[in-house]
Amino acid sequence: MSNKEDLKHVVCEAIDRHADMIIDLGETILRNPETGFNEVRTAALVAERMKAVGLTPRTGLALTGVKGRLSGRTLGPRLAFIGELDSLRTSEHPLADPVTGAAHSCGHNAQIAGMLGAAIGLTDAEISPHLSGEIVFFAVPAEEFIDVEERCARVAKGEIEFMLGKPELVAKGHFDDIDMAMMIHTGSRDGAKTRAVLAESSNGALVKRIRFIGRAAHAGSLPQLGVNALSAAMIAMNAIAAQRETFWEKDTIRIHPIITKGGDAVSVVPAEVTMETFVRGGSLEAIVDANKKVDRCLRAGAIAMGAEVEIHTIPGYLPQRNDRQMGEIFGANVEALFGPGEFHIGGHRTGSTDMGDLAHIMPVIHPYVVGAEGKAHGADWRINEPRHGYLTPAKLLAMTAIDLLYGDAAPAKEILARFEPAMTKESYLAFQRGLFRKERHVCADE
Ligand SMILES: [Zn+2]
Ligand SMILES: [Zn+2]
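Mapping of the sequence shown onto the numbering used here: residues 115 to 560, in sequence order.
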């Protein structure tokens with residue numbers, strides 16, 4: 115039997131032989147961005163490519179998810195490679211869809227190319243007879259929590275229960291046949307000190323949809339008879355801003371509301387104003403505490419103007435916790451490709467990912483590999499090194515799978531034996547379901 119390092123060499127060569135095709139895949143998705151739970155064409159492309167390498171994909175998982183499996187020589191740990199299907203909306207991005215503003219300004223197109231690139235390399239090089247267990251190639255919907263209103267409508271129609279892809283897949287049982295998971299997020303070279311990094315942790319978040327209800331009236335001749343919902347929203351936002359000095363630095367709270375509807379017509383006192391916001395923080399306790407303050411501020415805006423406010427609180431992301439041992443195995447492969455010192459573990463990220471949800475029930479890693487420049491979620495985000503954006507993740511996924519599953523898969527079994535889940539699937543789902551809350555405060559004078 116070939117040794118592990120030979121296998122890695124062979125799979126990397128196979129990925130390089132298919133470089134043009136893998137890069138083209140990533141660029142095709144880049145030019146056809148689709149937002150969460152709407153990733154129909156992207157999902158079809160994934161299924162077609164999985165079939166082309168001999169996998170038998172299951173489709174339509176949590177609406178658009180696609181899952182294919184590659185079996186080793188015996189049963190054993192089931193390791194998922196995750197790629198996120200969805201784009202963001204960043205209408206200023208040069209490649210944004212001119213109608214919807216959808217744009218891959220977070221680089222998820224590269225995740226799909228990397229995940230499929232690993233499938234192409236591992237199947238072409240016929241690696242699986244050397245492994246135990248399974249590699250599960252999993253394209254998942256909706257990592258970005260956007261379009262809150264659209265997703266609430268999907269929930270109301272019973273299409274989904276949770277508004278993010280991974281929680282919804284967990285709830286529907288699509289992670290029941292997976293033991294551990296990894297994915298690679300594209301990183302920007304701006305500010306990066308090494309080719310790859312694995313944060314210790316990242317923020318979790320609650321998501322809020324807010325509706326202020328006032329009373330319409332002629333804005334010029336009868337404002338005295340109106341109730342200005344926009345003023346109520348502005349007072350609430352100023353009150354939220356005033357809370358910021360009350361947050362502890364260690365809790366890394368981030369609150370960033372947007373107004374999704376500011377009024378109907380400039381000559382009408384705004385009778386309905388809608389907002390969305392995240393309440394992010396480094397721990398569940400910190401998020402819950404900040405959320406109480408936000409609710410207080412929202413009510414304050416309504417009270418001040420004699421308006422009403424509806425507050426809809428929705429589970430978002432749990433804080434991320436990366437598995438150290440998996441991370442170190444991954445990091446050794448980064449250093450094998452790029453040299454010593456090109457990987458580090460550390461720090462806390464103030465963004466959020468629903469890999470954090472999975473991390474509460476199974477070992478996961480969510481490292482970043484530099485292949486882009488500019489600001490994540492910004493108009494200047496661009497994959498400027500296609501080889502590292504699309505091919506390097508494919509290689510690192512495949513190499514790490516070989517380390518974990520080679521022979522009798524001893525390293526993967528050891529990680530699973532040691533792992534202590536923070537929650538069971540059932541307690542996770544019960545916790546998430548307990549976060550949903552809808553309340554209406556009537557603050558009008560008698
Ligand atoms: Zn993002
Ligand atoms: Zn992302």
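All C-beta atoms in this analysis are idealised placements derived from N, C-alpha and C, irrespective of residue type, glycine included.
Close beta carbons around residue i, own chain, < 8 Å, minus the five adjacent residues each side
| i | result |
| --- | --- |
| residue 528 | 439 |
| residue 333 | 340, 380, 381, 382, 383 |
| residue 375 | 386, 387, 388 |
| residue 304 | 487, 488, 489 |
| residue 130 | 505 |
| residue 537 | 474, 475, 545 |
| residue 552 | 424, 425, 426, 427 |
| residue 139 | 159, 163, 226, 227, 230, 231, 504 |
| residue 208 | 493 |
For residue j and residue i, believed in contact at Cβ under 8 Å, the rounded distance
| i | j | result |
| --- | --- | --- |
| residue 234 | residue 167 | 6 Å |
| residue 261 | residue 150 | 7 Å |
| residue 249 | residue 193 | 6 Å |
| residue 169 | residue 155 | Going by Cβ atoms, the distance from residue 169 to residue 155 rounds to 19 Å, so no, they are not a contact pair. |
| residue 195 | residue 232 | 6 Å |
| residue 116 | residue 185 | Actually they do not touch by this definition, with Cβ atoms about 19 Å apart. |
| residue 512 | residue 125 | 5 Å |
Distance CB(residue i)-CB(residue j) smaller than 8 Å
| i | j | result |
| --- | --- | --- |
| residue 504 | residue 467 | no |
| residue 220 | residue 199 | no |
| residue 426 | residue 322 | yes |
| residue 408 | residue 346 | no |
| residue 228 | residue 507 | yes |
| residue 526 | residue 294 | yes |
| residue 521 | residue 312 | no |
| residue 255 | residue 471 | no |
| residue 413 | residue 555 | yes |
| residue 278 | residue 401 | no |
| residue 204 | residue 197 | no |
| residue 163 | residue 236 | no |
| residue 349 | residue 455 | no |
| residue 561 | residue 191 | Residue coverage of the chain in this structure runs from 115 to 560, which leaves residue 561 outside it and unanswerable. |
| residue 502 | residue 485 | yes |
| residue 244 | residue 398 | no |
Per-residue burial, residue i [other beta carbons within 10 Å of its own, 16 or more giving buried]
| i | result |
| --- | --- |
| residue 72 | Nothing about residue 72 can be reported from this structure: the residues present for the chain run from 115 to 560 only. |
| residue 338 | exposed |
| residue 325 | buried |
| residue 171 | buried |
| residue 93 | This structure gives no information on residue 93, because the portion of the chain shown stretches from 115 to 560. |
| residue 360 | exposed |
| residue 189 | exposed |
| residue 264 | exposed |
| residue 358 | exposed |
| residue 148 | buried |
| residue 336 | exposed |
Selected residue, minimal CA-CA separation from residue i, among the options
| i | options | result |
| --- | --- | --- |
| residue 575 | 155, 205, 246 | No statement about residue 575 is possible, as the shown extent of the chain runs from 115 to 560 and does not include it. |
| residue 252 | 176, 331, 442 | 176 |
| residue 391 | 117, 411, 541, 126 | 411 |
| residue 317 | 123, 433, 174 | 433 |
| residue 354 | 131, 393, 278, 500 | 393 |
| residue 542 | 451, 283, 243 | 283 |
| residue 475 | 183, 287, 350 | 287 |
| residue 210 | 146, 464, 311 | 146 |
| residue 225 | 301, 536, 401 | 301 |
| residue 429 | 461, 276, 450 | 276 |
| residue 133 | 458, 499, 414 | 499 |
| residue 406 | 377, 369, 458 | 369 |
| residue 458 | 212, 310, 269 | 310 |
| residue 118 | 454, 547, 517, 291 | 517 |
| residue 396 | 415, 450, 314 | 314 |
| residue 465 | 534, 485, 257, 351 | 257 |
| residue 550 | 462, 266, 366, 306 | 266 |
| residue 362 | 307, 378, 403 | 403 |
| residue 331 | 377, 358, 365 | 377 |
| residue 144 | 351, 306, 495 | 495 |
| residue 137 | 519, 271, 531, 497 | 497 |
| residue 530 | 165, 212, 292 | 292 |
Close beta carbons around residue i, own chain, < 6 Å, minus the five adjacent residues each side
| i | result |
| --- | --- |
| residue 238 | 128 |
| residue 372 | 390 |
| residue 173 | 161, 180 |
| residue 452 | 309 |
| residue 206 | 493 |
| residue 533 | 477 |
Contacts around residue i, its chain only, beta-carbon distance under 7 Å, and the 5 residues preceding and following it disregarded
| i | result |
| --- | --- |
| residue 510 | 298, 444, 447, 448, 483 |
| residue 343 | 326, 327, 328, 384, 385, 386, 387, 421 |
| residue 417 | 557 |
| residue 539 | 284, 475 |
| residue 480 | 297, 299, 434, 436, 467, 469 |
| residue 153 | 178, 199, 200, 255 |
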